[in-house]
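Following the working numbering, the numbering of the sequence shown begins with 1 at its first residue and continues without gaps.
Take a look at the structure below.
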Amino acid sequence: MSLYLAMSLASLSCCLVLLLPLALRTGTEPSPTRDEGWRDQLPWFLRLLRPAMRWYSEAVDAALTTQRREVLQTQLDAAGAAYMISPAEFLIIRRVVGVVGATASVVAIAGFNLRDPLHITIAIAIVPLSFLYPDLRLREVTKRRQSRFEKDFPFFLDVLVLAMKAGLNFIAALEQAVGALREGPVKQEFSRYLRESRAGLSRRAALDRLAARVMLPAVTNFAAAVSQAEQTGGSLGDVLADQARQRRQERFLRAEKLANQAPVKMLFPLIALLFPTTFIIIGFPIVIQLLEAGALDLF
């Protein structure tokens, strides 16, 4: 129990020592009246870190360059976390997680009196992994979100085409299609597109922002096709129908590719697990019979 208490106190002390200079750099406390209504629901662990993020975010944000802030904002947009945390708060989370991992490593080596080189190596390896974990987690969430987007996007286009064939304009058809979707990245991104359009942003600019956030070729092609149809005066319904047909074909090809990869992925479990078990089941009675007959005494 004392070891866990020491670990907790050490982590808290390291976090304060590491982050305190940033707070002193500004010389001001965070405004208690800051508007937080723009945020989505935070996970429980981020709610625990919320006081620290609120205290240090202004200092970290002031130290960020414009280019670095834009890169982090793009990564958060792609992961769907832009309305949860800001780029400065993500850097705070990365630093806190890294410090906690480093502290846990030091406490594990000292508290458990580790002497095995393997255990010490593992404990030391935790330090860089702790600093890298937030980025790895963000990348994993982005890939999972993009995969979900690719899965739901063809259905969204089908509903959009049906709504436009029923006589609705593009924005009204988008609202109908968004309302027909289950909760997910497609619904979130196109709901944000509708909000930006209502706020006065042009359709082309809003589509460009959408494509930049999602970072998928299918969405980039969709945005370019819609913008080109508007500029050339082409039939938007026909363009969207072609887009829906192409997206369905791409989804079928992805499913076919995954199906072809399945036998290859099954080889390792078969070789490592099933084949040895089969040989043991077949060979065990034979070995027993040979032992009883004394045939193995020659060896």
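Positions of the beta carbon are idealized from the N, C-alpha and C atoms, including for glycine.
Just so we're clear, the structure is a prediction, and the values are computed from it rather than from any experiment.
Closest to residue i by C-alpha separation, out of the options, would be which residue?
{"i": "residue 157", "options": "219, 255, 65, 74", "result": "219"}
{"i": "residue 167", "options": "137, 86, 235", "result": "235"}
{"i": "residue 78", "options": "120, 179, 57, 214", "result": "214"}
{"i": "residue 93", "options": "267, 121, 130, 284", "result": "130"}
{"i": "residue 245", "options": "173, 90, 147, 222", "result": "222"}
{"i": "residue 195", "options": "171, 56, 59", "result": "171"}
{"i": "residue 203", "options": "188, 186, 217, 224", "result": "224"}
{"i": "residue 184", "options": "147, 165, 163, 109", "result": "147"}
{"i": "residue 105", "options": "123, 118, 115", "result": "123"}
{"i": "residue 152", "options": "258, 140, 188, 237", "result": "188"}
{"i": "residue 66", "options": "83, 88, 279, 115", "result": "88"}
{"i": "residue 46", "options": "69, 68, 83", "result": "83"}
{"i": "residue 71", "options": "86, 59, 251, 58", "result": "86"}
{"i": "residue 136", "options": "75, 109, 107", "result": "75"}
{"i": "residue 132", "options": "57, 231, 100", "result": "100"}
Between which two residues does the alpha helix (DSSP H) holding residue i run?
{"i": "residue 271", "result": "Residue 271 -> no alpha helix (DSSP H), and no H or E assigned at all."}
{"i": "residue 115", "result": "No alpha helix (DSSP H) holds residue 115; DSSP gives it neither H nor E."}
{"i": "residue 79", "result": "66-79"}
{"i": "residue 191", "result": "185-198"}
{"i": "residue 166", "result": "Counting along the chain, residue 166 falls outside any alpha helix (DSSP H), and DSSP gives it neither H nor E."}
{"i": "residue 283", "result": "275-293"}
{"i": "residue 204", "result": "203-214"}
{"i": "residue 217", "result": "217-232"}
{"i": "residue 82", "result": "No alpha helix (DSSP H) holds residue 82; DSSP gives it neither H nor E."}
{"i": "residue 181", "result": "No alpha helix (DSSP H) contains residue 181, which DSSP labels as neither H nor E."}
Does the beta-carbon of residue i have 16 or more other beta-carbons within 10 angstroms, so that it is buried, or is it exposed?
{"i": "residue 261", "result": "exposed"}
{"i": "residue 281", "result": "exposed"}
{"i": "residue 144", "result": "exposed"}
{"i": "residue 272", "result": "exposed"}
{"i": "residue 289", "result": "exposed"}
{"i": "residue 53", "result": "buried"}
{"i": "residue 95", "result": "buried"}
{"i": "residue 81", "result": "buried"}
{"i": "residue 266", "result": "exposed"}
{"i": "residue 211", "result": "buried"}
{"i": "residue 247", "result": "buried"}
{"i": "residue 98", "result": "buried"}
{"i": "residue 205", "result": "exposed"}
{"i": "residue 142", "result": "buried"}
{"i": "residue 186", "result": "buried"}
{"i": "residue 302", "result": "Residue 302 is absent from the model: the chain starts at 1 and stops at 299."}
{"i": "residue 28", "result": "At residue 28 the pLDDT is 42, less than 50, meaning the model places this residue with poor confidence; the figure from the coordinates comes in the next sentence. Residue 28 should be labelled exposed."}
{"i": "residue 358", "result": "There is simply no residue 358 to check, as the chain begins at 1 and stops at 299 in what is shown."}
{"i": "residue 31", "result": "Only weak support exists for where residue 31 lies, its pLDDT of 48 falling under 50; the coordinates are left without a value."}
{"i": "residue 287", "result": "exposed"}
{"i": "residue 62", "result": "exposed"}
{"i": "residue 292", "result": "exposed"}
{"i": "residue 274", "result": "exposed"}
{"i": "residue 103", "result": "buried"}
{"i": "residue 264", "result": "exposed"}
{"i": "residue 256", "result": "exposed"}
{"i": "residue 138", "result": "buried"}
How close, in whole Å, do the beta carbons of residue i and residue j come, if the pair is a contact with beta carbons under 8 Å?
{"i": "residue 90", "j": "residue 134", "result": "7 Å"}
{"i": "residue 207", "j": "residue 191", "result": "With a Cβ gap of about 14 Å, residue 207 and residue 191 do not count as contacting."}
{"i": "residue 159", "j": "residue 180", "result": "5 Å"}
{"i": "residue 216", "j": "residue 149", "result": "6 Å"}
{"i": "residue 177", "j": "residue 199", "result": "In fact, because the Cβ distance is near 20 Å, the residues do not count as touching under 8 Å."}
Run the proximity test for residue i: is its beta-carbon closer than 7 Å to any non-hydrogen atom belonging to the ligand ADP?
{"i": "residue 108", "result": "With respect to the ligand ADP, the structure shown offers nothing to examine, as it has no ligands at all."}
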